[in-house]
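Reading through the structure tokens given below for one structure.
There are 2 protein chains.
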Amino acid sequence: MPEEMRTYWHTASHILAQAVKRLYPECRLAIGPATSEGFYYDFDREKPFVKEELDLIEAEMKRITEEDLPIGRFALPFAEALKWAADNGEQYKEELIRELPEGCEISFYRQGEFTDLCAGPHLASTGLVKAVKLLSEGGSSGAYWRGSEKNRMLSRIYGVAFHKPKELAEYLERREEARKRDHNKLGRELKYFTTSDVIGQGLPLLMPKGAKAVQLLQRFVEDEEERRGYVLTKTPLMAKSDLYKLSGHWDHYKDGMFILGEEDDPYALRPMTCPFQFTIYNAEQHSYKDLPVRYSETSTLFRNEASGEMHGLIRVRQFTISEGHLVCTKDQLSEEFKGVADLAVFMMDALGIGGDISYRFSKWDKDNREKYIGDEETWEETQSIMRGIIDELGLDAEEADGEAAFYGPKLDIQFKNVYGKEDTIITIQIDFALAERFGMTYTDADGLKRRPIVIHRTSVGCYERTLALLIEKYNGALPLWLAPVQAAVLPISDRFGEYSESVHRALKNAGIRAELDSRSEKIGYKIREARMDRIPYILVIGEKEEAGLTVSVRSRHAGDEGEMKTLEIINRIKDETDRRVILASG
Amino acid sequence: MPEEMRTYWHTASHILAQAVKRLYPECRLAIGPATSEGFYYDFDREKPFVKEELDLIEAEMKRITEEDLPIGRFALPFAEALKWAADNGEQYKEELIRELPEGCEISFYRQGEFTDLCAGPHLASTGLVKAVKLLSEGGSSGAYWRGSEKNRMLSRIYGVAFHKPKELAEYLERREEARKRDHNKLGRELKYFTTSDVIGQGLPLLMPKGAKAVQLLQRFVEDEEERRGYVLTKTPLMAKSDLYKLSGHWDHYKDGMFILGEEDDPYALRPMTCPFQFTIYNAEQHSYKDLPVRYSETSTLFRNEASGEMHGLIRVRQFTISEGHLVCTKDQLSEEFKGVADLAVFMMDALGIGGDISYRFSKWDKDNREKYIGDEETWEETQSIMRGIIDELGLDAEEADGEAAFYGPKLDIQFKNVYGKEDTIITIQIDFALAERFGMTYTDADGLKRRPIVIHRTSVGCYERTLALLIEKYNGALPLWLAPVQAAVLPISDRFGEYSESVHRALKNAGIRAELDSRSEKIGYKIREARMDRIPYILVIGEKEEAGLTVSVRSRHAGDEGEMKTLEIINRIKDETDRRVILASG
């Protein structure tokens with residue numbers, strides 16, 4: 006997001022807070038930042054804001070922009086700032102001020118009668134904010150103060166603002182389209198997954214269709230990796246804290262981990278597979294002739310995310326991913342890295358999302374050295390090697406400081422979702438540090454023990470997230486080769502039951518995932534249901550089809566294709582599956 | 006074990022304790038029961054018994070049998086029994102006495118100068134025990150008092166005794182053979198798995214060979230289940246305690262679970278998949294027309310076992326299993342149960358262990374009603390239905406009281422391992438209780454909501470344990486269709502590298518798991534290594550083979566089979582794999 010829009014949206018959030026204080030002076034202010042696509046403000050209030058109240062607030066915001074109040078900054082000494090908070094009953098602001106260094110001056114912004122603790126910057130006046138819209142249609146949403154369940158639940162109001170009404174209209178239209186495709190809505194409607202309050206947040210359950218799609222993708226990934234020389238591992242999902250102390254996760258990642266067992270000898274669910282695959286490596290002696298070793302595992306990982314951050318299949322507490330580690334010599338690094346990048350691109354192409362990705366080169370942040378392990382020289386050298394490889398691969402990778410893993414720099418593959426929001430789906434990391442920590446060695450040609458280099462990688466994003474992005478990208482119509490049901494056989498009436506069964510059997514025998522809908526429903530109803538279910542091929546069978554040993558084909562991408570010999574459509578579906586053909590839905 | 010041997014071994018354990026007290030009077034006695042294959046006695050002593058001490062004890066035991074001391078029972082009132090324990094400094098006996106009802110008489114057994122608290126029965130004299138042998142070759146082993154890590158570690162001495170020296174010799178020979186095949190030894194040597202102190206006990210890591218074998222078996226099971234009408238699920242590995250309270254696990258199984266998160270809102274790792282698949286069932290409406298629904302999942306489960314009970318791949322804290330639940334009407338129960346039993350037998354046959362299994366009908370224990378949910382009438386009715394099905398299937402199932410799950414009776418499939426020890430590998434349970442607890446319903450033909458019945462089942466034992474028993478059964482030589490490497494291509498020298506590579510490629514292209522050993526080692530060495538690795542087909546390539554486009558075949562089951570056309574051996578391996586042929590190793 007350009008800095009200009011951040012200021013614009015931040016000013017809009019102050020206008021929102023001003024409007025709320027005018028209408029509901031009893032509300033306490035928490036925080037109101039700009040986000041990557043608008044802004045929000047959190048208020049402490051007895052009850053959430055309902056739709057009607059938001060309409061009033063939005064109208065008041067328009068009034069404030071029309072009043073075109075000049076916006077000015079001023080600063081107060083620490084004690085006076087605290088007094089301002091106390092006088093105004095703003096306990097959250099007080100808490101924020103108390104966290105600042107005691108000697109410093111505290112910055113405030115004022116517009117008309119409204120003042121807020123704020124580091125700025127802001128626009129010069131409220132009139133510069135034009136097309137404003139509050140987005141919390143169903144009323145305000147709940148958000149814990151500081152994102153922690155232990156704190157009070159606040160009322161959050163989301164909004165957007167644009168320079169021109171036309172931009173706002175376009176934004177709302179895009180948003181509506183994206184919302185229809187939101188996997189968290191569509192994925193439930195199509196019975197890919199469900200959730201349960203009794204089980205807990207961030208722990209989705211894949212229903213048979215979702216589980217089948219993930220199984221297909223998993224096997225495809227495992228088989229492709231095997232073809233490319235990877236060997237499988239299957240390692241435990243928990244370990245004693247000792248392991249994570251060795252890996253550095255205990256110092257650098259503990260907050261994100263689930264801890265179990267007794268306090269003096271805790272176990273933790275694993276957030277990553279690395280230390281487990283390193284243990285496998287260390288269970289054997291290795292010669293330079295055995296390298297590179299390429300380990301992969303369909304691995305379940307756990308992240309102790311805060312409750313407020315959960316979302317469908319995307320922000321979750323448990324997920325499955327093809328995680329792997331390549332152990333190689335320095336000489337092999339470049340070749341191995343290219344192989345890993347090539348595999349990732351192959352996978353993205355197989356999913357039909359090769360055109361939606363971009364690259365990011367995530368580097369360390371020299372000024373926050375305590376966040377990383379390893380010395381400056383190694384970091385800089387590793388980053389320069391990685392830069393070289395990225396250039397050699399001709400990847401147009403944006404550099405991002407401070408986005409590295411704690412043990413090395415990363416190449417991130419970024420995917421832009423239907424909302425236009427960018428997410429990292431794949432990362433490839435070069436690691437010169439952990440082999441040392443884990444005492445990993447190989448015997449070189451000269452008989453000496455040397456440290457190998459490790460590449461951390463995945464070949465496809467985590468499976469739950471990949472399913473979500475495919476649902477959104479394809480509006481629920483997964484590519485044929487991943488579709489849980491590839492073909493539906495629909496007899497027009499019971500009379501054609503026997504022939505329909507034989508067609509269904511022939512499809513199954515050919516390895517096609519086919520369903521027979523023999524219910525005594527009207528054919529129009531059955532077709533509508535199969536279409537709603539996004540089944541790629543609908544095969545209708547009536548008198549004519551039975552007589553000619555044919556089926557009438559309605560395909561998802563081309564609509565009514567007319568009659569076809571059964572064997573012909575079977576071969577076509579098989580061929581399109583094997584070639585992983587991706588056809589736009591009709 | 007016949008009751009006669011139990012008495013025999015129990016008397017032998019008293020002879021062991023007597024010998025120890027004669028030699029080391031400072032030892033405190035804990036307990037000394039008969040086991041299914043001998044006996045042990047636990048002693049409290051400053052340090053473990055070393056080999057030399059055990060030799061002395063064994064000699065002293067022989068002396069005691071030669072002395073042929075008469076063994077007599079006597080009883081003491083509660084208070085006097087306590088006094089006996091105090092006078093003799095036997096604090097563990099005192100603890101055991103205090104747990105008995107205060108009014109009762111306490112039973113003792115005496116032989117010569119030695120007396121022990123004991124319910125009996127015993128042989129009439131020590132001379133009846135003939136061939137005695139202590140088994141703790143490396144010295145005594147550690148065992149916590151009452152199996153709890155919180156208690157003091159005791160020194161356990163294991164022993165066996167037989168009526169005839171010949172029986173003992175045979176036993177020791179069998180034991181030696183079994184020990185060589187112990188998966189915990191052989192499985193490590195063959196690099197199927199490893200463990201790590203830093204990761205923790207009961208958490209084995211499958212190395213590439215073990216992970217590959219498990220992947221093959223898993224896919225085979227998933228595919229066969231799909232063919233039989235199962236649908237997949239993929240559900241979270243943890244849930245809030247709320248879920249387990251609903252399922253009854255919190256009340257009946259909490260000690261076996263790993264708890265995480267905060268005390269007031271705990272989460273737990275799942276010990277079973279049932280409540281998760283029930284949640285999937287409840288995420289949709291069901292009509293009687295949709296039933297039965299057959300869910301299956303390759304599911305990872307967790308059991309919080311005590312540290313002392315861990316062993317290789319068999320006693321573990323985390324394991325993966327094909328768990329599934331069939332939801333059906335009462336009318337469908339018998340047919341579905343048969344289908345489940347048939348699938349289990351199909352799997353056992355595929356693994357070649359169909360001849361090693363027996364059946365157990367595990368019933369509730371009326372006298373321990375608090376261990377179960379549901380009323381007596383339902384339990385008795387369910388058990389009688391199950392008895393009927395078992396009879397109809399013609400299964401020769403031994404009845405076992407008190408071995409049911411807390412929610413219903415079970416049919417257990419028992420496997421006898423190389424030590425002759427019986428273990429449950431598969432259980433099938435009928436459950437009339439949990440559908441009620443979870444509010445599961447279906448709409449019947451009359452439009453009314455009814456409760457379905459649930460069958461809990463697995464189709465193959467848990468994968469880690471199955472791998473272990475296959476390693477032991479086949480002495481490490483997994484059946485061809487599960488062998489991680491099916492064929493090794495061994496060129497006699499570098500000169501045949503090109504042709505060897507083409508053979509290797511042809512094998513791979515045919516879907517055979519083949520390895521090429523192109524190291525410049527002597528052919529004898531390479532063959533020996535491949536044989537040690539139990540590779541089913543060793544294909545040697547030299548001048549003659551290159552000229553004739555053949556390979557020289559050494560098969561695991563038949564030894565040297567001479568020259569063969571490459572295509573011929575490829576077709577044979579493919580065919581034997583597809584048919585899952587099991588051939589005894591040569």
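Residue numbers (this note's numbering), protein chains in the order written: chain A, 6 to 591; chain B, 6 to 591. Note that beta-carbon positions come from the ideal geometry of N, C-alpha and C, so glycine has one too.
Where residue i sits in the DSSP three-state scheme
i: Pro-82 of chain B; result: strand
i: Gln-206 of chain A; result: coil
i: Ile-517 of chain B; result: coil
i: Lys-603 of chain A; result: Given that chain A is displayed from residue 6 to residue 591, the structure contains no residue 603 of chain A and the question cannot be resolved.
i: Gly-591 of chain A; result: A caution first: Gly-591 of chain A carries a pLDDT of 47, below 50, which makes its placement in the model unreliable, though a value can still be read off. Here Gly-591 of chain A sits in coil by DSSP.
i: Phe-501 of chain A; result: helix
i: Gln-223 of chain B; result: helix
i: Ala-22 of chain B; result: helix
i: Leu-453 of chain B; result: coil
i: Lys-415 of chain A; result: strand
i: Val-494 of chain B; result: strand
i: Phe-283 of chain B; result: helix
i: Ile-362 of chain A; result: strand
i: Glu-448 of chain A; result: Inspection of the sequence shows that residue 448 of chain A is occupied by Thr rather than by Glu. Strand, per DSSP.
Under 7 Å from the C-beta of residue i: neighbouring residues of chain A
i: Gly-205 of chain B; result: Ala-244, Lys-245, Tyr-272
i: Ala-288 of chain B; result: Thr-199, Met-212
i: Val-545 of chain B; result: Residues of chain A passing the Cβ test: none, with the nearest at roughly 21 Å.
i: Val-219 of chain B; result: Lys-239
i: Gln-388 of chain B; result: Result: empty, since nearest Cβ-Cβ is about 30 Å, beyond 7 Å.
Residues that DSSP places opposite residue i in a beta bridge
i: Cys-333 of chain A; result: A:Ile-458
i: His-316 of chain B; result: B:Arg-320
i: Gln-116 of chain A; result: A:Ile-76, A:Phe-119
i: Tyr-300 of chain A; result: A:Val-236, A:His-330
i: Gln-650 of chain A; result: There is no way to answer for residue 650 of chain A, as the model of chain A reaches only from 6 to 591.
i: Tyr-272 of chain B; result: B:Lys-245, B:Leu-265
i: Gly-43 of chain B; result: B:Thr-40
Contacts that residue i makes with chain A (C-beta to C-beta distance below 8 Å)
i: Gln-491 of chain B; result: Ordered by position in chain A, no residue passes the 8 Å Cβ test against Gln-491 of chain B, which lies about 14 Å from the chain.
i: Thr-238 of chain B; result: Leu-210, Leu-211, Met-212, Pro-213, Ala-216
i: Thr-305 of chain B; result: Leu-242, Thr-305
i: Thr-284 of chain B; result: Thr-199, Ser-201, Val-203, Ile-204, Leu-210
i: Phe-225 of chain B; result: Those within 8 Å of Phe-225 of chain B in chain A number zero; the least Cβ separation is about 12 Å.
i: Gln-323 of chain B; result: Pro-241, Leu-242, Met-243
i: Phe-281 of chain B; result: Ile-204, Leu-210
Pair within 8 Å by beta-carbon distance, residue i and residue j
i: Thr-238 of chain A; j: Ile-285 of chain A; result: yes
i: Gly-261 of chain B; j: Pro-276 of chain B; result: yes
i: Leu-133 of chain B; j: Ile-111 of chain B; result: no
i: Leu-398 of chain B; j: Ala-355 of chain B; result: no
i: Asp-73 of chain B; j: Arg-161 of chain B; result: no
i: Leu-487 of chain B; j: Ala-218 of chain B; result: yes
i: Gly-329 of chain A; j: Arg-308 of chain A; result: no
i: Arg-561 of chain B; j: Arg-585 of chain B; result: no
i: Leu-338 of chain A; j: Ile-458 of chain A; result: yes
Neighbour list for residue i in chain B, Cβ cutoff strictly below 8 Å
i: Ile-264 of chain A; result: Leu-265
Beta-carbon neighbours of residue i, restricted to chain A and to distances below 9 Å
i: Thr-463 of chain B; result: Near Thr-463 of chain B there are no residues of chain A at all, since even the closest Cβ is about 17 Å away, more than 9 Å.
i: Lys-196 of chain B; result: Ala-288, Glu-289
Amino acids of chain B, ordered along the chain, whose beta-carbon sits closer than 9 Å to that of residue i
i: Leu-251 of chain A; result: Val-203
- Kindly provide the ranges of any alpha helix (DSSP H) runs that are 4 or more residues long and lie completely inside the stretch 509-567 of chain B, ordered along the chain. 528-537, 548-553
- Item | Those runs of the alpha helix (DSSP H) which lie wholly inside the stretch 148-224 of chain A and span at least 4 residues | 170-186, 188-194
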